[in-house]
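Below you'll find the structure, written out as structure tokens, and then a few comments.
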Amino acid sequence: MRVLVVEDDALLGDAIQAGLKQSGYAVDWMKDGISADQALTTEPYVAVVLDLGLPRLSGLDVLRRLRGRGTPVPVLILTAMDMVDDRIKGLDAGADDYLVKPFDMGELAARLRALIRRASGKTEPLLHVSGVKLDPSTHRVLYRDKPVELSVKEFEVLHAFMLNAGKVLSRAKLEEQLYAWGDEVESNAVEVHIHHLRRKLSPALIETIRGVGYLMPADKAA
Ligand code: CA
């Protein structure tokens, strides 16, 4: 899943990018408000980490433009310790959560998981579809209660399908969500990951919808 980090402090931005990559996210990092605004108009992110004090366009203005376009992507703002006013303005402008600097990377990752879960309409942290259980916090996957070893990208592909169970995902859409700018993408990478998932879990897990994309059928309501 692809996350946008907007932070002009080089050290902090670098640490956030590295930390989130380690959690399996594809991360785009923008260092000013205008670049962030442009990225947000064109790229599909599952969440945004937004510093408020930014060059060229403030984080608050980035947020107002984003919400002005009606984009519902969850936004977590980063604010300085003494800036209570900023936090209030940020939340009122459409931020979903905030963290005060300095913060713990583990807490940032956990808050993002919660935001992404809520945005997908799920309340349960554990995803459960077609006999597959996936825990986003521990990266553990069980199929029919047996553990399955997946690579980081295989896990991310499966996670995307489980969050979108019952919806067709095109290859382009999966690639956009899995890779950040500048990542090397093999032309058939998505097909290879899906092939591995079918082999490691079940051939019937992900259906190919010819000419359109792929579908993980949702469980029928009990
Ligand atoms: Ca800043």
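For the sequence shown, the residue numbers in our numbering are 6 to 227. Note that beta-carbon positions come from the ideal geometry of N, C-alpha and C, so glycine has one too.
Measure the alpha-carbon distance for residue i versus residue j and round it to whole angstroms.
| i | j | result |
| --- | --- | --- |
| glycine 126 | leucine 120 | 10 Å |
| aspartate 224 | serine 135 | 6 Å |
| valine 153 | histidine 198 | 14 Å |
| threonine 213 | arginine 72 | 35 Å |
| methionine 110 | arginine 118 | 12 Å |
| arginine 149 | leucine 25 | 29 Å |
| valine 80 | aspartate 87 | 20 Å |
| glutamate 12 | proline 107 | 13 Å |
| alanine 23 | leucine 155 | 21 Å |
| leucine 9 | alanine 209 | 33 Å |
| alanine 20 | lysine 158 | 21 Å |
| leucine 57 | glycine 99 | 13 Å |
| proline 60 | alanine 41 | 11 Å |
| glycine 75 | arginine 69 | 10 Å |
| glycine 218 | leucine 206 | 19 Å |
| methionine 6 | aspartate 90 | 32 Å |
| histidine 201 | aspartate 97 | 44 Å |
| alanine 85 | leucine 104 | 9 Å |
With which residues is residue i paired in a DSSP beta bridge?
| i | result |
| --- | --- |
| histidine 133 | Lys138 |
| glycine 218 | Ile214 |
| threonine 128 | Beta-bridge pairing links threonine 128 to no other residue. |
| aspartate 82 | Looking at the sequence provided, one finds isoleucine at residue 82 rather than aspartate. Answer is Leu55, Tyr103, bridged to isoleucine 82. |
| valine 67 | Valine 67 pairs with nothing; no bridge assigned. |
| valine 173 | Leu220 |
Going by DSSP in three states, residue i sits in which element: helix, strand or coil?
| i | result |
| --- | --- |
| aspartate 33 | strand |
| isoleucine 211 | coil |
| valine 162 | helix |
| leucine 62 | coil |
| arginine 145 | strand |
| arginine 72 | helix |
| valine 11 | strand |
| methionine 167 | helix |
| glycine 18 | helix |
| methionine 110 | helix |
| valine 190 | coil |
| lysine 26 | helix |
| alanine 227 | Unreliable positioning characterises alanine 227 in this predicted model, as indicated by a pLDDT of 47, which lies under 50. The coordinate reading is nonetheless provided below. Note: alanine 227 maps to coil in three-state DSSP. |
Provide the residue span of the alpha helix (DSSP H) that contains residue i, from first to last.
| i | result |
| --- | --- |
| leucine 199 | According to the sequence provided, residue 199 is isoleucine. The question's leucine does not apply to it. Counting along the chain, the alpha helix (DSSP H) containing isoleucine 199 begins and ends at 194 to 205. |
| aspartate 102 | No alpha helix (DSSP H) contains aspartate 102, which is instead part of the beta strand (DSSP E) from 102 to 105. |
| arginine 251 | The structure shown does not extend to residue 251, since the chain is modelled only from 6 to 227, so the question has no answer here. |
| lysine 151 | From DSSP, lysine 151 is part of no alpha helix (DSSP H) but of the beta strand (DSSP E) over 151 to 153. |
| arginine 92 | 89 to 97 |
| alanine 41 | 38 to 47 |
Taking the beta strand (DSSP E) that residue i falls in, what are its first and last residues?
| i | result |
| --- | --- |
| aspartate 56 | 52 to 56 |
So if I measure from each beta-carbon to every heavy atom of ligand 1 and keep distances below 5 Å, which residues remain? Asp13, Asp56, Gly58
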